[in-house]
Structures are given as C-alpha cells and as structure tokens.
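This report refers to the structure that appears directly beneath it.
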Amino acid sequence: MEACKDCKFFLACEDGQGLCRRFPPQVAINQSGTFAVFPPMTNQGWCGEFAAKKGNEE
Ligand code: SF4
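By numbering that gives the first Met the number 0, the letter at position 45 of the sequence shown is numbered 44, and the numbering carries on one by one without gaps.
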C-alpha cells in the first residue's frame, strides 16, 4: 500500500509522525516568529506526489 512511510520524500520522526520533503520548506509565521517548515505528515498519510523508496518499487 502506498503511504508516506514508504515514500522516498518522507523523513520519519517519532510516534508515527514525520516530515514531507517533496518540496522546499515553506515559510510559516506565528506569534513566536517566522519559520521555514516541511509539512508534517503521519506514517499513513499519502498524496499524489508519492514516490516509492529505492528498492521498494512495485
Ligand atoms: S505527502 Fe506525498 S510526497 Fe510527501 S511523503 Fe507523503 S506521499 Fe510522499
């Protein structure tokens, strides 16, 4: 099954969470300041940009 955890753009973090690095970080602004962030995703997330990790292609 295609899921972020099997995508070459996914950086796994903790607790089933990770970051999507398909595109450069985006600017986010909140009360603490300005940040550059990759979109947070869950291991089971998915999008149309999915690309299987090397050696995991079907
Ligand atoms: S959001 Fe899309 S491109 Fe990003 S890790 Fe998940 S499947 Fe891959």
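Cβ coordinates follow ideal geometry from the N, Cα and C atoms, glycine included.
Which residues are close to the ligand SF4, meaning CB closer than 6 Å to any heavy atom, in chain order?
-> Cys3, Cys6, Phe8, Phe9, Cys19, Arg21, Met40, Gly44, Trp45, Cys46, Glu48 and Phe49
What does Arg3 pair with, by DSSP beta-bridge criteria?
-> Note on residue identity: the sequence assigns Cys, not Arg, to residue 3. In DSSP, Cys3 forms no bridge with anything.
Any idea what DSSP makes of Pro61, helix, strand or coil?
-> Since the first residue shown for the chain is 0 and the last is 57, residue 61 is missing from the structure and cannot be characterised.
Three-state secondary structure (DSSP) of Cys19 | strand
Could you name the residues of the same chain whose beta carbon sits closer than 7 Å to that of Val26, not counting the 5 residues immediately before and after it, in chain order?
-> Thr33 and Ala35
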